[in-house]
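Input: a single structure, listed below in structure tokens.
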Amino acid sequence: MLTTQESTAHRVLIIGGGFAGIECARRLNKKSLGSITVTLISNKTYFEYYPALYRIVTGESPLEACIPLSSILRGNKISIVQDTVTAVDLTQKKATGKDGAIYDFDSLVIALGSEINYFDIPGLDSLSFGFKSAGEAIRLKQHLHDLFVAHTHPSKDELVSHFHVVVVGGGPSGVELVGNLHSFLTDLAKKHNTDPSLITIDLNEASSRLAKAL
């Protein structure tokens, strides 16, 4: 049963458990803005630390980049709910979860993250691998493993093409990934009795500088 204070509290609902959602929840809690309740909804029980996802691609444990939300928000009066919001009614001030759960709110914060920008490069979205989540990073790592598991190419030229990896984007993540890929792929080649000299890694960046945002 809700207390009188809880039933009259201003309800803040945050959708998204990434950088923005977590920081918003923490700041609201820290400010203690009168009588408010804060609920954070995420489709995962953990926060994915995007700058470290490249480590999963190159063989590190997913634990390197995944931190439980309960650990990050420990000691804060914030309700954490695992769900996927499928609809929002701004008039009725209700959000609906994938199994029909209803979340009432007075103020709504939508912090659902970002998507890869392919810059209208033909074929890039369908022919490339992204790693903006732990799941995508694991899928890319598996693809790199699979390159060495089954290949029946008759010529050295085809093998060179087979082990040619192109990284598109010279931002921080692209640069970090390339920096770790060589040793990772070399180790895989040795394990599968493949000549490491067949491996080629290219980094493509449109601007004249790498990681220019740093």
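Residue numbering for the sequence shown follows my numbering, starting at 13 and increasing by one per position.
Glycine residues also receive a C-beta, built at the ideal position from the N, C-alpha and C atoms.
Because the structure is a prediction, the values reported are computed rather than measured.
Presumed contact (8 angstroms Cβ cut-off) between Lys-184 and Pro-80, rounded CB distance = It should be noted that the sequence gives Pro, not Lys, for residue 184. Going by Cβ atoms, the distance from Pro-184 to Pro-80 rounds to 25 angstroms, so no, they are not a contact pair.
Proximal residues to Arg-23 (C-beta, below 8 angstroms), its chain only, five neighbours per side dropped | Ile-48, Thr-49, Thr-51, Asp-116, Phe-117, Asp-118 and Ser-119
Find the nearest neighbour of Val-93 within the set Asn-41, Tyr-66 and Gly-29, judged by alpha-carbon distance.
-> Gly-29
Please report the residue range of the beta strand (DSSP E) in which Tyr-130 lies.
-> Element bounds for Tyr-130: n/a, residue is neither H nor E.
Hey, quick one: how far does the alpha helix (DSSP H) through Thr-98 stretch, first residue to last?
-> Not the alpha helix (DSSP H): Thr-98 falls in the beta strand (DSSP E), residues 97-101.
To the nearest angstrom, how far is it from the Cα of Val-179 to the Cα of Thr-103?
-> So the two alpha carbons sit approximately 45 angstroms from each other.
What are the boundary residues of the alpha helix (DSSP H) that includes Thr-198?
-> 184-203
The beta strand (DSSP E) enclosing Ala-107, as first and last residue numbers | The continuous beta strand (DSSP E) containing Ala-107 extends over residues 106-109.
When DSSP labels each residue in this structure, what does Phe-175 get in the three-state scheme?
-> coil
Taking the DSSP output, what are the residues bridged to Asp-118?
-> Beta-bridge pairing links Asp-118 to no other residue.
Taking DSSP as the reference, what is the three-state secondary structure of Leu-14?
-> With a pLDDT of only 47 at Leu-14, under the threshold of 50, the placement of this residue in the model should not be trusted, and no figure is reported.
Per DSSP, His-22 forms a beta bridge with which residues?
-> Ile-48
Label Ala-99 either buried or exposed according to how many other C-beta atoms from any shown protein chain fall within 10 Å of its C-beta, with 16 as the threshold for buried.
-> exposed
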